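In the working numbering, the protein residues as written are -10 to 194.
The beta carbon of each residue, even a glycine, is placed where N, CA and C say it ideally should be.
All of these numbers come straight from a predicted model, not from anything done at the bench.
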Amino acid sequence: MNAVLRSGFWWPEDDLHSWKLAPKEVHGIERALPYVLKRDLVVQAGGNVGIWPAWLAERFAKVVTFEPSPDNYECLVKNVPTNVEHHQAGLGAEAGSLSLVKWPDSCARTYISPDMKAGGVPIVTIDSLNLPACDLIVLDIEGFELFALQGAAETIEKFNPVIMFEENGLSVQLYGCQPASEYLTSLGYETKGRVHRQDLIMVRG
């Protein structure tokens, strides 16, 4: 994989779109911060090339980020500061491995294959990390948000993190599952804000 430096970050050379959009979109996370009571630790996925975890690293003591794409992850490692713990893996409801689908010209449009067959991408759960704290969860994982949150049930119960995630219909379209917002509502969460029309901020009542 060839990487190029654009707007202060390393990007896969074949990305034609994300490097233009991501620097403008990352500031949307700011809308969630007034609801976050502490800034000890944030879990973030997908890490992409590191723009989101790098931004969060300036505001939290520790960031734990996940990015399954090898090309993206290679750039992420170059782009993030030392208080970012990074994993080349995806988040899910249970540990295992799945296949990845990548669009040819946008490194942001990478997603877990809808056939849900075993593949070369490690899948881990947030609960398996046994985190000492979790103040915020930020997810942009192309429709796989519900599964990531199901794998964080114990962490959510223990820490009541603010949760910000993309909900654009892909969960139903790709995986035929309920929207993540419905799952969180069943856990006592309420929607407090919407960013970029499809990113929800939810807080436990």
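Cα separation between residue i and residue j?
i	j	result
Pro103	Cys166	11 Å
Ala97	Trp(-1)	14 Å
Glu56	Val31	15 Å
Lys181	Val25	12 Å
Val38	His76	12 Å
Leu89	Leu128	17 Å
Asn72	Gln162	36 Å
Tyr178	Ile18	18 Å
Lys91	Pro59	11 Å
With a 10 Å radius around its C-beta and 16 neighbouring C-beta atoms as the bar for buried, classify residue i as buried or exposed.
i	result
Met153	buried
Pro93	exposed
Ala34	buried
Gly194	exposed
Met(-10)	exposed
Ser117	exposed
Gly79	buried
Pro150	buried
Pro23	exposed
Gly81	buried
Val(-7)	exposed
Gly(-3)	exposed
Ala11	buried
What is the DSSP secondary structure of residue i, counted as helix, strand or coil?
i	result
His75	strand
Lys147	helix
Gly39	coil
Lys181	strand
Arg193	strand
Arg20	helix
Leu5	coil
Leu80	strand
Ala46	helix
Ordered along the chain, which non-local residues of its own chain (more than five positions away) have a Cβ less than 7 Å from that of residue i?
i	result
Ser86	Ala107, Gly108, Gly109, Val110, Pro111, Ile112
In the DSSP output, what is residue i paired with across the bridge?
i	result
Ala34	Phe55, Leu128
Val155	Correcting the residue type first, residue 155 is Glu in the shown sequence and not Val. In DSSP, Glu155 forms a bridge with Asp188.
Gly85	Ile112
Arg(-5)	Phe(-2)
Lys91	Thr99
Ignore the nearest five residues each way along the sequence and tell me which others in residue i's own chain have a CB closer than 8 Å to its CB.
i	result
Tyr172	Leu135, Leu138, Gln139
Glu74	Lys51, Val52, Val53, Thr54
Ala46	Val52, Val69, Pro70, Asn72, Val73
Looking only at its own chain, which residues have a Cβ that is under 6 Å from the Cβ of residue i, when we skip the five neighbours before and after it?
i	result
Pro168	Glu156, Ser160
Phe133	Ile101
Trp41	Val15, Gln33
For residue i, would you say it is in contact with chain D, using Cβ-to-Cβ distances shorter than 7 Å as the test?
i	result
Thr144	Absent here is chain D; the protein component of the structure consists of one chain.
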